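Counting in my numbering, the sequence shown runs from 43 upward without gaps.
All C-beta atoms in this analysis are idealised placements derived from N, C-alpha and C, irrespective of residue type, glycine included.
Owing to the predicted nature of the structure, the values given are computational and were not obtained by experimental measurement.
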Amino acid sequence: MILPVMLLIYLGSVEASALISMDRRVQSISGAVGDLVARSNTAITAATLTDYFQAAQGIMAPHSADPVTQVVTAVSVAADGQSAKVLWSRQYVDRKYAVGVQYRANQSFTLPDALLDLAKNNTVIVSEASFSYLPLRGLVFHATVPLHRVTYYLPRFEGGIQIR
43 MILPVMLLIY LGSVEASALI SMDRRVQSIS GAVGDLVARS NTAITAATLT DYFQAAQGIM
103 APHSADPVTQ VVTAVSVAAD GQSAKVLWSR QYVDRKYAVG VQYRANQSFT LPDALLDLAK
163 NNTVIVSEAS FSYLPLRGLV FHATVPLHRV TYYLPRFEGG IQIR
């Protein structure tokens, strides 16, 4: 009678640790890509940004990075700190690079109030990473657990970061 309960506890703890590990990897992807973009000096090329997106494969190893969706958005905050709008946005999903899919240029963008105050008349780099985790490899549960992380960075150098 104890064996099934112990087996259930064991499998549950293994699955919980795998989920936590995947969530940390998604956080690492969001943070690494956003930080690399924020370190750019006034401009970044599409090829460089694609290289940053592809670095997720190394972060996700030994798991597949194919279901990871990544979005990097440059957001301009108004001088009064009351509003923000998208300057540019790039998405990388299924090993494909896309322009303005998630957010369109000049679209209103919601940032945390504290960040609006901090970034008045400046640019904020918003990096997002999403992953659909399938518990127990789909053997028992067929529904995925969505993991989504967002990180915010101020550019390291004066002025905004343009994309070429």
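According to DSSP, is residue i part of a helix, a strand, or is it coil?
i, result
"arginine 66", "helix"
"glutamate 170", "strand"
"serine 59", "helix"
"alanine 103", "coil"
"serine 125", "coil"
"serine 118", "strand"
"alanine 85", "strand"
"proline 188", "strand"
"valine 110", "coil"
"isoleucine 51", "helix"
"isoleucine 44", "helix"
"isoleucine 71", "helix"
Once you ignore the five residues that flank residue i on each side, which residues in its own chain have a CB closer than 7 Å to its CB?
i, result
"arginine 146", "Val128"
"alanine 187", "Per the sequence shown, the amino acid found at residue 187 is valine instead of alanine. Hits under 7 Å: Leu61, Tyr175, Pro177."
"aspartate 77", "Tyr195"
"glycine 123", "Leu158, Asp159, Lys162"
"phenylalanine 199", "Asn83, Thr84"
"methionine 48", "none"
"aspartate 65", "Leu189"
Give a yes or no on whether the C-beta atoms belonging to residue i and residue j are separated by under 8 Å.
i, j, result
"isoleucine 71", "alanine 171", "yes"
"valine 168", "tyrosine 194", "yes"
"arginine 137", "leucine 91", "no"
"alanine 121", "asparagine 83", "no"
"arginine 67", "isoleucine 44", "no"
"alanine 103", "glutamine 112", "no"
How far does the beta strand (DSSP E) with residue i in it extend, from its first residue to its last?
i, result
"histidine 184", "Neither: histidine 184 is in no beta strand (DSSP E) and is coded neither H nor E."
Please go through the same chain and pick out, in chain order, the residues whose beta-carbon is closer than 8 Å to the beta-carbon of residue i, but skip the five residues on each side of it.
i, result
"threonine 165", "Ala116, Val117, Ser118, Val119, Leu129, Leu196, Pro197, Gly201, Gly202, Ile203"
"alanine 30", "Look at the range of the chain in this structure, 43 to 206, and you will see that residue 30 is not part of it."
"leucine 50", "none"
"phenylalanine 151", "Thr115, Val117, Ala126, Lys127, Val128, Tyr145, Val168"
Among the residues of its own chain, which have a CB less than 6 Å from the CB of residue i, if the five just before and after it don't count?
i, result
"histidine 190", "Ser172"
"tyrosine 94", "Val75, Leu78"
"glutamine 69", "Arg191"
"asparagine 148", "Lys127"
Say yes only if the C-beta of residue i is nearer than 7 Å to one or more non-hydrogen atoms of the ligand PLP, and no if none qualify.
i, result
"alanine 60", "No copy of the ligand PLP occurs in the structure displayed, which carries no ligand at all."
Item to check | Runs of beta strand (DSSP E) lying entirely within the segment 132-169, each at least 3 residues, in chain order | outcome: 138-141
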